[in-house]
Structure formats: structure tokens, C-alpha cells
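Asks: First, the structure itself, so that you have it in front of you.
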Amino acid sequence: MTKRLWIETVGCQMNVLDSELVVAALRRQGWELARTTAEADAVFYNTCSVRQHAEDKIYSALGRIRLEKQQRPGLVVGVLGCMAQKDQELVRKRAPWVDLVVGPGQLHRVPGLVDDVLAGGGPRLEVSLDRTGGSREAIAQSFESYDPDRDPQMRPTPFQAFIRTQTGCDKFCAFCVVPHVRGPEQARAPATIVTEARKLVAEGCREITLIGQTVNSYRWKDGGTTTRLGDLLVMLDAIDGLDRIKFVTNYPRDMTDDLIAAVRDLPKVSHYLHVPAQHGSDAVLTRMKRGYSIGEYMEMLGRLREAIPHAAVTSDFIVGFCGETDSEFQTTLDLVRTADFKNSFIFKYSPRPGTKAFDRQPDDVPETVKKERNQALLEAQAAVSLAGNLRFIGTRQQVLVEGLSVREERRQSQSAVPPAEGAFPGDSEQASSPESLAQLTGRTMCDRIVVFDAPLRLVGRLVDVDIQAAGAWSLAGDVADGLADAVPLEHLLENAGEDTPPTLYDIDLTAASSSGRAGATQTGATQTDTTPADATAGA
Ligand code: SAH
20 MTKRLWIETV GCQMNVLDSE LVVAALRRQG WELARTTAEA DAVFYNTCSV
70 RQHAEDKIYS ALGRIRLEKQ QRPGLVVGVL GCMAQKDQEL VRKRAPWVDL
120 VVGPGQLHRV PGLVDDVLAG GGPRLEVSLD RTGGSREAIA QSFESYDPDR
170 DPQMRPTPFQ AFIRTQTGCD KFCAFCVVPH VRGPEQARAP ATIVTEARKL
220 VAEGCREITL IGQTVNSYRW KDGGTTTRLG DLLVMLDAID GLDRIKFVTN
270 YPRDMTDDLI AAVRDLPKVS HYLHVPAQHG SDAVLTRMKR GYSIGEYMEM
320 LGRLREAIPH AAVTSDFIVG FCGETDSEFQ TTLDLVRTAD FKNSFIFKYS
370 PRPGTKAFDR QPDDVPETVK KERNQALLEA QAAVSLAGNL RFIGTRQQVL
420 VEGLSVREER RQSQSAVPPA EGAFPGDSEQ ASSPESLAQL TGRTMCDRIV
470 VFDAPLRLVG RLVDVDIQAA GAWSLAGDVA DGLADAVPLE HLLENAGEDT
520 PPTLYDIDLT AASSSGRAGA TQTGATQTDT TPADATAGA
């Protein structure tokens, strides 16, 4: 009999990709996605450890699933990903009803492990070595790159895909748990990445986002040749049928001139660069062990803007890091007011066991102060984002149409009839014809969200949109070729439902969404860190 899987994913794009691949592997063994946990034979949580809140959320979800497991003892409960690697045995101490604990370096074992549990083999823990658990080579080997064949059905949309360029991280910023839970930085071979991209494009994929913890640190040595991210972009840009290439996340010191030139010169590479500054003060950057001064960051930004004046740059910031004074926070505020970031993702510092800051620097900024600073920085960024977006009014932008806007999704899901299993967003009864007009959303080449009314058949295509209105987090306009001439623009933006900033991190989505596709609820993502202000994503 067919087995059914429910999987909930929190965290970054790496986790979204990992979930896609786990689901694909299980589907090849005959599994299908469940619509609810009640009809699932296995419930998996793909977890994040970057902040405490993301972990708390999973432990509460585990508390809820315990009740279902009491009713159906055969239900397999799995904790996958970063929290599994970080907490290891602790997961089963806190939630003894968990059957599987599998770190991000062991995901290839999931199908076999589920079979073992179903066959009565008892609980299983599979994690990689700790960063001090052996030689670098042994540790690296214990984190296996997990990149099996893809399943187009499992992506948020069939025309967009993530490709991993490297696993792990070696930067060891004082606040960050990632190097500890995702292991040493290991690049994938350029040929493997290009082959994967070609396959995705052959399946209809038009936009590829390369992902790595510090993607621009990519370096692959083969004999006498070294391939870096700029070289990889050249190879990918040559793939026929591919329209757009993006890459996240960049480390400021590795934003080299050759990479900037590649972004400037390659027609398919998006002029959108996420380069987290984290803070505006040299003293705090030193305490964070970020490895650059604010002067160096500004120098990098200057080079970038000189080469690509219209590039959209986004940043991450942590507020309330250990010892942050009012005047130190002020430097971050000043940076946001002057650096013209398209957007910033803002996080309250969350101490993470295992990191240098946790061991050596007290978490001494009160929660109320963190909240105030978070809010102040969000407001500063919102004003800058709005001013940036207003500059687009009256321009024509090429938009890759991604699907229904948040408002349209909400509207359609409220007006009853759920879409059939395996349907796309937009495939519902209310709007089933390709000619049906709906409020759609897409992104410009510089990653700005645009909403417009247009026929559904445009989903997955590039269209020109004349921008007529702007908010802090999105633009609105009319499709330029008259396809949607009859549609009044009034209040399009106000009604778009794109008023909360979209997310880059802390994506909270389920594979078992109403449309039956992994990640299909991505546009409705919620932040795990309480307020939009706390994880403010780039429009
Ligand atoms: N290297 C990856 C993932 C880092 S986590 C990337 O950059 O995409 C994403 C962001 O979370 C970081 O840039 C940082 O701003 C924030 N972050 C990391 N550790 C944190 C912590 N302990 N507390 C609060 N925010 C944190």
C-alpha cells in the first residue's frame, strides 16, 4: 500500500532544497505526500538552529504530534536537518516519541532509515561528526553532499530551482551555529553543477538560484585550474533556455572584481546581491568575528555600485548582539539610512550553544531593547525601501511571473473548492482557464516583487510590466503588451496582500500544502521570529 509523508520545513533555502530532495527520494520508493498529518504514515520536520525561536517552534510541533502518535503508534516521526545535528540525543530526551533524528549530512539515508523503523527496527540517530570530532577530512566526509536526482513536481514552481554550489561553512562568525551543524565548506564540481542546471532547464526550469552559505567563496581546484563563482556564472549563462540566474548568500570580503564584472556583463545574471553587513560598527564586527571593517564593507559596496549602478543590494543585520551599546546600534541605523539597501533582514541576537559568542560573551542586551532596536531598524529600512521602489514608477520592467499574488491565493482559498492534488497555485476551480484574469506576482531582474492583473497562462513566462505604483515591499503595474488592458489598476498595490515583507530566511512551509506540492505555500510564508520586523525580507 502507498505510504504517505507529511513534511514541514523551516529555515533557509538550503532546507527548502533538502526537503525537495528527501521528498523526491521517497517518492521514487512509492511514497506520496499526505494532505494532513492525520493521513500520514510519516511526519518529518526539517529543522533550523540559527535562532532559538526556530527550535522552540519545532519542539512545540513535536508536542502536538505526540498526541497523534499515541492514537497511531505506527506513525513514524522524524526530525531532520540542523537541529537534529545540533541536539542529537537531546531530541529524543525531550521528545522520546521521535523515531528518526537525521542531520543535514546524512539525508541520503532517510529512505533506508524509514524502512528500518517501519520494519520494527526501533529509533535511529544518524548525524555527522562534530567540528572537533576528527581530522578535517574525516569531518568533511561525514557530511555527505545530498544532491540526488530532482523531481520537478517537488519544487515551489516548476520553472524555478535552487542548485547547491557548496555545503557547509568555514567562516565561524561568533554568533553563528551554521558551521557547527552544516560542517566544513565543500564545493561541488563545476561540471556537476552545470549538468544539474542543464537537466533542470530541459525540464522547463527558467530561473536558477545558486545557494551556498557564503556562495561567493566558491572555489574548485582541478589540476592547475581554479573555478570560482564568476567562472561558474559564465558556464551557466551559456545554457540555452535558461533566463535568469541568482545566487545567495554573499560574504562581503569575497565580493571580488571578477565576480562583480560577471554580474555586470552576463545577461542572465540578476542584478541582485545579498551581501549581509550584520552591523555598522567596527567594534561589534570585531566581536562578531566577521573579518572586515565597515570601511571595507563600504569600499566593496562602492566598487559594486560603480560597476552596476542599479544593482539591488540587500543585507542582514543582527540587533542586540553581546555588549551592543546605544551608540553602536546607532551606527547600524546610520548605515541603513545611507547605504540604500533594497531591503534588510533584521534579526534579534539569539545566543547559540557551541558558538564562540555563547561561550565567551554574555547576552547582555535586554529583550525589550532588542525589540526596540529591531523596530527602529525596520522602520528605517522600510522608508529606504519605499524611496527605492518609488524610483521605479513610470519604468518598464521585465518580470518573471511566479504565480498568484498573496491576496489572490487568499481569495481563491476562501472561495471554497480546494484545488485537486498536484494542482498548481492558480489551478483552482475559480480560475482554471489559462485566459482567466487573476492578480499575479513576479519579480524583476533586480528581484523586486511586482503585482499585476493578467491571464493565468503567463505564469512561468517573462513579461514586460509598466510600473504604476510602489510600496516598500512591492511594485504594481500593467502588463505592457495590452494583455490585461481592461484591468483597472486602482488599489492594485493596496490590495495585493504583499504588504508584509517577503522572507528569505525562516521560511515556514509544508510539503503537504493544499496544492500537494512541496513549497507551494512559500509565498504565504510566515516568519518564525514573531514579528515581520524581526526577519524582514527583501522585496
Ligand atoms: N550563511 C547563510 C545562513 C546564515 S543565517 C546565509 O547567510 O544565508 C542567516 C542570517 O541569520 C545571518 O546572516 C544573520 O544575520 C542571522 N543570524 C545568524 N546567527 C544568528 C543568531 N545567533 N542570532 C540572530 N541572528 C542570527
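Using this note's numbering, you'd call the opening residue of the sequence shown number 20 and step up by one each time. Each residue gets a CB set at the ideal place from its N, CA and C atoms; glycine is no exception.
Within 8 angstroms: the Cβ of Thr186 and any heavy atom of the ligand SAH?
Replies: Look at Thr186: its beta carbon is at least 8 angstroms from all of the heavy atoms in the ligand SAH.
Asks: My output table needs one value for Ala180: the three-state DSSP class, helix, strand or coil.
Replies: strand
Asks: Assign Pro175 to one of two classes, buried (16 or more other C-beta atoms within 10 Å of its C-beta) or exposed (fewer than that).
Replies: Taking all protein chains shown into account, Pro175 has 16 or more neighbouring C-beta atoms within 10 Å of its C-beta and is therefore buried.
Asks: Does DSSP classify His293 as helix, strand or coil?
Replies: strand
Asks: Is Val234 closer than 9 angstroms to Gln185 when the C-beta atoms are compared?
Replies: yes
Asks: Between which residues of its own chain and Ala57 is the CB-CB distance below 6 angstroms, once the five residues before and five after are set aside?
Replies: none
Asks: For Pro381, count neighbouring C-beta atoms within 10 Å of its own C-beta (all shown protein chains included) and say buried if the count is 16 or more, exposed if not.
Replies: exposed
Asks: Could you have a look at Thr151 and say whether DSSP puts it in helix, strand or coil?
Replies: Correct three-state label for Thr151: coil.
Asks: Would you say the region 156-164 touches the region 69-83, given that touching needs at least three Cβ pairs under 8 angstroms?
Replies: no
Asks: Three-state secondary structure (DSSP) at Ser363?
Replies: strand
Asks: Using only CA atoms, which one of Gly223, Arg263 and Gly187 lies nearest to Arg207?
Replies: Checked all of Gly223, Arg263 and Gly187; the closest Cα to Arg207 is Gly187.
Asks: Quick check: the region 188-202 against the region 165-172, are at least 3 beta-carbon pairs closer than 8 angstroms?
Replies: no
Asks: For Thr460, does the count of other Cβ atoms within 10 angstroms reach 16, so buried, or fall short, so exposed?
Replies: With 16 or more other Cβ atoms within 10 Å, it is buried.
Asks: Under 9 angstroms between the Cβ atoms of Leu99 and Leu119?
Replies: yes
Asks: If you compare alpha carbons, which of Asp37, Asn362 and Glu427 is closest to Arg183?
Replies: Asp37
Asks: Could you work out which residue in Lys240, Ala103 and Val62 is closest to Arg83 when comparing CA atoms only?
Replies: Val62
Asks: Tell me whether Leu477 is buried or exposed, calling it buried when 16 or more other Cβ atoms sit within 10 Å of its Cβ.
Replies: Counting Cβ neighbours within 10 Å, Leu477 comes out buried, since at least 16 surround it.
Asks: Beta-carbon within less than 6 angstroms of Val288's beta-carbon, same chain only, minus the 5 sequence neighbours each way: which residues are those?
Replies: Leu252, Ile264 and Val282
Asks: Regarding Arg309 and the ligand MG, is the C-beta to nearest heavy atom distance less than 8 angstroms?
Replies: Absence of the ligand MG from the depicted structure is noted, with the ligand SAH being the only ligands included.
Asks: Should Ala410 go down as buried or exposed, given a rule of 16 or more other Cβ atoms within 10 Å for buried?
Replies: The question names Ala, but residue 410 is Arg in the sequence shown. Answer is exposed; the Cβ neighbour count stays below 16.
Asks: Given Arg392, which residues of its chain have a CB within under 7 angstroms of its CB, disregarding the five upstream and five downstream residues?
Replies: For Arg392, where only same-chain residues beyond five positions count, the Cβ hits under 7 angstroms are Val338, Gly339 and Phe348.
Asks: I'd like to confirm something about Ile337: is its beta-carbon nearer than 8 angstroms to some heavy atom of the ligand SAH, or not?
Replies: yes
Asks: Going straight from the alpha carbon of Cys67 to that of Val146, what length do you get?
Replies: 15 angstroms
Asks: Does DSSP put Phe377 in a helix, a strand or coil?
Replies: helix
Asks: Is Asp277 buried or exposed, if buried means 16 or more other CB atoms sit within 10 Å of its CB?
Replies: exposed
Asks: Leaving aside the five residues before and after Arg10 along the sequence, list all residues of the same chain whose C-beta is less than 8 angstroms from its C-beta, in chain order.
Replies: Residue 10 is absent from the model: the chain starts at 20 and stops at 558.
Asks: Put Tyr237 into one of helix, strand or coil per three-state DSSP.
Replies: coil
Asks: Restricting to runs no shorter than 3 residues, where is the beta strand (DSSP E) found entirely within the region 250-334?
Replies: 263-267 and 291-293
Asks: Helix, strand or coil for Arg415? Go by DSSP, reduced to three states.
Replies: It is a strand residue.
Asks: Could you check if Asp472 is buried or exposed, using at least 16 other CB atoms within 10 Å of its CB as the buried criterion?
Replies: buried
Asks: Could you compute how far the alpha carbon of Leu508 sits from the alpha carbon of Ala489?
Replies: Residue placement at Leu508 is flagged as unreliable, the pLDDT there being 47, under the threshold of 50; a coordinate-derived value is accordingly withheld.
Asks: For a test of your reading of the model: does the CB of Lys265 fall under 8 angstroms from any non-hydrogen atom of the ligand SAH? Yes or no.
Replies: no
Asks: Does the beta carbon of Arg371 fall short of 8 angstroms from some heavy atom of the ligand SAH?
Replies: Arg371 has its Cβ nearer than 8 angstroms to a heavy atom of the ligand SAH.
Asks: Please state whether DSSP places Pro92 in a helix, a strand or coil.
Replies: coil
Asks: Hey, Arg462 and Leu423: beta-carbon distance below 9 angstroms or not?
Replies: no
Asks: Skipping 5 residues on each side, what residues in its chain have a beta carbon closer than 6 angstroms to that of Arg356?
Replies: Ala399
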